[in-house]
Amino acid sequence: VGEATDVLLIEKGELTSGSTWHAAGQCPSFIADYSLAKVHAYSNDLYARLEAETQATGWHQAGGIRFATNQLELDYFKKVAGVSDLMGFRMQVISPEEIRRINPYVTTEGVLAGAWTLDDGYVDPSSACNQMAKQARRLDIPIGKFMGMSFGARQVGVDVHTLEIALRTLSRNLSRSEWRSGFEAQK
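This note's numbering applies: residue 2 is where the sequence shown begins, and numbers increase by one.
This is how it looks when you write it as structure tokens:
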């Protein structure tokens, strides 16, 4: 799925045993924040590519329609449409009549418009996680499991930016093989 250098996958427990286990697997592309839209677009593209290569992520590109029932929601839809144009994912603001054409079983009473996102989809979270781990191993990327982060005696969430800086600092002092041997010992 790609080439990687200086990459390390860290998991606080066993792969798929935590939040992945109960995740819904919904993969939307409907978001007005440009940075998050890039993450969503990349993820949906990654799941589609993994599914094409492995037939094992459970990726289904189903699309979706969201309803605007007031002007504030409609204005937000238009903002998302602008971001989608920049990102290149397919999204249209459509009329209630178009909503009924696409899905004749839905009631559009009180609906001003719909946001039709054709690139939304869903995956089987555990299968997608396992396929990404399999691809990581294929690319010789070390996977550190049971890497709970703590501060003193209190367990805390991990800020990704802080973690990235910490790992870069640590990697200056450890070679890639030393990192790998440390993770392999935890298996």
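For each residue, glycine too, the CB sits at the ideal point set by N, CA and C.
In chain order, 75, 78, 113 and 114 place their CB closer than 6 Å to the CB of residue 69, counting only its own chain and leaving out the 5 sequence neighbours on each side.
Excluding its 5 nearest sequence neighbours in each direction, residue 147 has C-beta neighbours in its own chain below 8 Å: 12, 13, 14, 15 and 187, listed in chain order.
According to the DSSP secondary-structure assignment, residue 92 is paired through a beta bridge with 118. Assignment of residue 63 by DSSP, reduced to helix, strand and coil, places it in the coil class. In this structure, DSSP gives residue 106 a state outside helix and strand, which the three-state scheme calls coil. It is roughly 14 Å from the alpha-carbon of residue 82 to the alpha-carbon of residue 73. Shown here, residue 10 sits in a strand according to DSSP, grouped into three states. Considering only 41, 71, 63 and 32, the residue with the shortest C-alpha distance to residue 84 is 32.
Assignment of residue 136 by DSSP, reduced to helix, strand and coil, places it in the helix class.
For residue 127 against residue 55, the beta-carbon gap comes to about 14 Å, at or over 8 Å, which does not count as contact. Residue pairing by DSSP places residue 144 opposite 10 in a beta bridge. For the 7 Å CB-CB criterion, residue 8 and residue 142 form a contact. The C-beta distance from residue 28 to residue 122 rounds to 5 Å, short enough to meet the 8 Å contact threshold.
The shortest CA-to-CA distance from residue 64 to any of 140, 104 and 138 is the one to 104.
DSSP places residue 78 in the helix class (H, G or I) of the three-state scheme.
Inter-residue distance for residue 108 and residue 96 is about 13 Å (C-alpha atoms, whole angstroms).
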